[in-house]
Structures are given as C-alpha cells and as structure tokens.
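Using this note's numbering, the first residue of the sequence shown is number 15, and each one after it goes up by one.
A virtual CB, placed ideally from N, CA and C, is assigned to each residue, including glycine.
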Amino acid sequence: MWYWLIPLFLGEPVMRFIRMTEHVGKPAIKSMKENTRTTYVFRPAQFLCWNMNYHAEHHYASSVPFHALPSLHEKLKTVISVEPHGYWGAHVDILEQLLGKRKRADQIRETNE
C-alpha cells in the first residue's frame, strides 16, 4: 500500500502544478489555438513529461506521437499560445488573472468589440 501512497502524495502535487498550466487561465472556447497553452521548459522536464509541455500542439493534432510534438511546434508556434517563461510563468499569469491584474485574451477582445 505504501508503494501506492508515497508516489501519490509526492507526485500528485508536482503533476497538478504542471497540469494546471495546460488550460487554466485560458478561455473556455472550442478553438485549440486559444484555449490551450504550450509551455517552454528545460529538457529534463520535457523528457519526464513526454513532451506534454507542447500541449497546444497535442490538442491541435492529437494523433501526432509525443516524440514528434517539438517538430509540430516549429510549424505552429506562430498560431498557438506559448508561455515562454515555463511553468512558473504560466502560474504567474494564472494568479494575475485571479487577482484581477490581467484579463484573459477573450475578455480583452470582448472589451474592444
């Protein structure tokens, strides 16, 4: 039982930290270009997460295998949402939205229309 509980309590907070950056703080719309973010991270994190930091690409073309996501990113990086400051940067963006210091892209668009 400990072999199940220890990884759960140690690994789940880390995985939650990573998974939150994928969709939280993005608009709840169908457009994969806008409702998902890709996060630039260092190579060991990329390896451990099977390139899932390329999350927008994963949703854009879900049949693409994990090892081909970096190549797909090179083709899509101008049309998808990218967080260049890693997981911390994504969480800062999320917190700023929660604290009202920044609006989501869809909220800014509604204000301008």
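Contacting residues, own chain, Cβ-Cβ under 7 Å from residue i (five flanking each side not counted)
i, result
"Trp64", "Phe80"
"Gly39", "Asp107, Ile108, Gln111 and Arg118"
"Arg57", "none"
"Tyr32", "For the sequence presented, residue 32 should be read as Ile rather than Tyr. Excluding residues within five positions, the ones whose Cβ falls inside 7 Å are Cys63 and Tyr101."
Own chain partners of residue i with C-beta closer than 8 Å, once the 5 adjacent residues on each side are dropped
i, result
"Tyr17", "none"
"Glu71", "Thr52, Val78, Leu83, Leu86, His87, Leu90 and Ile94"
Span separating the alpha-carbon of residue i from that of residue j
i, j, result
"Tyr54", "Leu83", "13 Å"
"Pro98", "Glu26", "24 Å"
"Ile43", "Asn49", "6 Å"
"Leu62", "Ile94", "23 Å"
"His105", "Glu36", "10 Å"
"Asn67", "Leu113", "25 Å"
"Met15", "Phe23", "12 Å"
**Message:** Threshold first: 3 residues or longer. Then list the beta strand (DSSP E) segments lying entirely within the stretch 45-76, N to C.
**Reply:** 51-53
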